[in-house]
Amino acid sequence: MAVNTPDHRGRQAPSPLEGERIRPLSRGQIEDRHKELGDLYAQTSGGDPQAWNLERELFLRRLTVEVQRPGFALLVAEREGVVLTGCAYGFPVTAHGPWWRGLDGYLPRDLLGIAASGRLFAVSGLLVDSLVRTQNPGRDWNLARRLQRRLLTDRAAGLAGHPAVFGVTLVDRGDTATLGALRSWGWRSVWADARDAPLTAPCRALVVGP
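Residues in the sequence shown are numbered consecutively from -2, following my numbering.
Structural data, given as structure tokens:
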């Protein structure tokens, strides 16, 4: 199905993301495409090209650890079936075991409570071109919005009754560019109950969903 957006004369013009297909990768496929995923991270990080090799290596090390988490899921966006243009990944936050990055110190108790039903999903990575951050971030066909929405709907599809799922992530307080991008894609800030909040919180918690 083609998704359209009005051009400057009011007519319906094709979305620039019309040809991109989103699909999940299995763990084996992730391993097979490690190089491409690393290249995508380097290309979308926006950093100094001279530092890309180090950043790429650190990203792949983190991904190798996260892919082992129960329920881990990774989606890629592809153009013409081969060229990677985006990626999003994460895993369900469970009610038992260690919390992801101290998440329990950042979220209100009523939100933490839904983890027991499997409805809390940590989105730990979202890789898109810089243009996706700045051009039409509020449109439903924006690639970042499509990726995050598909992660949550795929998770919901695997739960009994297909309940709505919340996405959650942590962002460094000083990373204003990422905070701004996430908010433009529908994420909103949340705060832990006063007595549970860390005294010096280095991150902000954001959620997306119902």
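For every residue, glycine included, the Cβ atom is placed at its ideal position computed from N, Cα and C.
Inter-residue spacing [alpha-carbon to alpha-carbon] between residue i and residue j
i	j	result
residue 126	residue 107	35 angstroms
residue 161	residue 142	16 angstroms
residue 116	residue 167	17 angstroms
residue 54	residue 45	15 angstroms
residue 170	residue 200	5 angstroms
residue 133	residue 39	23 angstroms
residue 66	residue 163	18 angstroms
residue 177	residue 155	31 angstroms
residue 30	residue 21	12 angstroms
residue 118	residue 42	23 angstroms
residue 207	residue 165	12 angstroms
residue 130	residue 182	8 angstroms
residue 19	residue 102	33 angstroms
residue 180	residue 104	17 angstroms
Residue i - partner residues in DSSP beta bridges
i	result
residue 201	168
residue 160	DSSP, once it has assigned bridges, lists no residue as partnering residue 160.
residue 46	DSSP, once it has assigned bridges, lists no residue as partnering residue 46.
residue 64	DSSP output for residue 64 lists no bridge partner at all.
residue 20	73
residue 185	204
Distance between beta carbons of residue j and residue i, contact taken as under 8 angstroms
i	j	result
residue 17	residue 76	5 angstroms
residue 74	residue 140	6 angstroms
residue 205	residue 145	6 angstroms
residue 151	residue 70	6 angstroms
residue 37	residue 81	5 angstroms
**Message:** Runs of 4 residues minimum, wholly inside the segment 66 to 140: which ones carry the alpha helix (DSSP H) assignment?
**Reply:** You should have 106 to 109 and 127 to 131.
**Request:** Specify whether the segment 115 to 135 and the segment 77 to 94 touch according to this definition: at least 3 beta carbon pairs, one from each stretch, less than 8 angstroms apart.
**Result:** Counting C-beta pairs with one atom in each stretch, the segment 115 to 135 and the segment 77 to 94 have three or more that are closer than 8 angstroms, which means they touch.
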